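Okay, so the sequence shown: first residue is -17 according to the numbering used here, each after it adds one.
Where is the CB? At the ideal position from N, CA and C, for every residue including glycine.
Since we're looking at a predicted model, the values are computed, not measured.
Notes to accompany the following structure.
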Amino acid sequence: MATNLSIDPALIERALELSGERTKKAAVTLALEEFIARRRQRGLLELVGTLEWDSGYDYKQDRQRAAPGKATPEQ
């Protein structure tokens, strides 16, 4: 999809220098990908402290569950 944008030329030049990309398109694409990744990370960080913790959960016991079709040690 072709899109025309009016972007500050100084910002584009700085992005080209910092990114090492050879084209404006590549630099803008990389910048958008990094922007999206950071926003996703921020969303995960906002979850910190909001989830309930089950202190009785035993992850080691869950690892011992048999694969489907296999008998468990209790059987």
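Length of the line joining the Cα atoms of residue 36 and residue 12: Your numbering for residue 36 matches position 54 in the sequence shown. Your numbering for residue 12 matches position 30 in the sequence shown. Each residue's Cα considered, the two are about 40 Å apart.
Residue environment, residue 10, which counts as buried when at least 16 other CB atoms sit within 10 Å: Here the question's residue 10 lines up with position 28 in the sequence shown. Its Cβ being crowded by 16 or more others within 10 Å, residue 10 is buried.
Inter-residue spacing [alpha-carbon to alpha-carbon] between residue 4 and residue 28: For the purposes of this step, residue 4 is taken as residue 22 along the sequence shown, with counting starting at 1. For the purposes of this step, residue 28 is taken as residue 46 along the sequence shown, with counting starting at 1. Inter-residue distance for residue 4 and residue 28 is about 36 Å (C-alpha atoms, whole angstroms).
Rounded C-alpha distance that separates residue 34 from residue 2: To locate residue 34, count along the sequence shown from 1; it is residue 52. To locate residue 2, count along the sequence shown from 1; it is residue 20. If you take the alpha carbons of residue 34 and residue 2, they lie about 43 Å apart.
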